[in-house]
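Each remark here refers to the structure printed beneath this line.
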Amino acid sequence: MVALNGRDLLSLADLSSTELQELLQLATQLKSQQLKLRCNKVLGLLFSKASTRTRVSFTVAMYQLGGQVIDLNPNVTQVSRGEPVQDTARVLDRYLDVLAIRTFAQQELETFASYAKIPVINALTDAEHPCQVLADLMTIQECFGSLSGLTLTYVGDGNNVANSLMLGCALAGMNVRIATPKGYEPDHEIVEQARAIANNKTEVLITHDPEIAAKGAAVLYTDVWASMGQEAEADDRFPIFQHYQISDQLLSFADREAIVLHCLPAHRGEEITEAVIEGPQSRVWDQAENRMHAQKALLASILGAE
Ligand code: CP
Ligand code: NVA
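The sequence shown: position 196 = 263 (the working numbering), numbered continuously.
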């Protein structure tokens, strides 16, 4: 079993290709119930942004492992009253075994992790959403049998999900194409990091043309045009992103067997049409379910479950 004993997962790039592969394999074994693991540990969830899937899937995964969860809503802790991250981290690590954090700045997560002795998991920052991409890759593997050589096309805002997809696809030996409007490209440093991982063996393409990007792709993926924290920009973004929608028309450029993914929550009629999200190529509900299996594998591996 993949041994991430005590390690943090702050970025998908914290995993090697082999570890990623083994983690996906473990998630698949746990999903099929071919393997059962137990660990009597306590997970804290410190979320400064809203969450349905991540909160519930982490909670249920931990319960199914035989562990406990404490929801540390910042509004009912001293975090919202300004207790420094450094102090909160050094106190929580005396009580908890592992902590999943959802926040804004990646730097805050990194500071937290550098002060906390317990493992810290990125449950979404402005820069990355690694747990999402573990479930995405698991879903793609379920559909196609393997990942290597497949092409994933992401259409929309070059956000946290796009950043983690670039890293995840590069680690998995997949080609990744990101189509965004000008000025909304993914993080340049993460593009370079993904290209370094891909090492010229697979493609990491950034383009402004969704049709070129979609051509022959096995997976079409999108996410909201304005992420949490960008709500004030949503109206201004609306006209800029009009062509960055997964519609039947865009889907016709992809491979005939292509699947459609969305991390959810979705805005129907914006980044994806009702017909596509509810259509035969959509795998979004399996993808959402896989959050739980992938995170169970991650927790089991980090906590040394047996
Ligand atoms: N996809 C995802 O992370 O969903 P939540 O924001 O509901 O957790
Ligand atoms: N990019 C989105 C993902 C939500 C799961 C956001 O950060 O709001």
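Ideal placement from N, C-alpha and C gives every residue a C-beta, glycine not left out.
Please read these numbers as outputs of a predicted model, since none were measured by experiment.
- Taken through DSSP and simplified to helix, strand or coil, Phe-114 comes out as strand.
- Around the beta carbon of Gln-208, 16 or more other beta carbons lie within 10 angstroms, which makes this residue buried.
- By the C-beta criterion, the region 245-256 is judged not to be in contact with the region 162-182, since fewer than 3 inter-stretch pairs fall below 8 Å.
- The beta carbons of Arg-157 and Gly-133 sit about 27 Å from each other, so the pair does not count as a contact at 8 Å.
- In this structure, the straight-line span from the alpha carbon of Ile-326 to that of Gly-212 is close to 13 Å.
- Going by DSSP, Arg-169 is part of the beta strand (DSSP E) stretching over 165-169.
- Between the region 285-299 and the region 94-108 there are fewer than three C-beta pairs closer than 8 Å, too few to call the two in contact.
- For the set Ala-261, Thr-155, Pro-151, Asp-203, the Cα lying nearest the Cα of Asn-230 is the one of Ala-261.
- Put simply, the backbone Cα of Ser-319 is about 23 Å away from that of Met-233.
- When C-beta atoms of the region 310-317 are compared with those of the region 193-202, fewer than three pairs fall below 8 Å, so the two segments do not count as touching.
- Less than 7 Å separates the beta-carbon of Glu-338 from that of Trp-292.
- Inter-residue distance for Asn-72 and Val-136 is about 19 Å (C-alpha atoms, whole angstroms).
- Under the criterion of beta carbons closer than 8 Å, Val-258 and Ile-279 do not qualify as touching, at roughly 17 Å.
- The C-alpha of Arg-350 is placed about 28 Å away from the C-alpha of Met-68.
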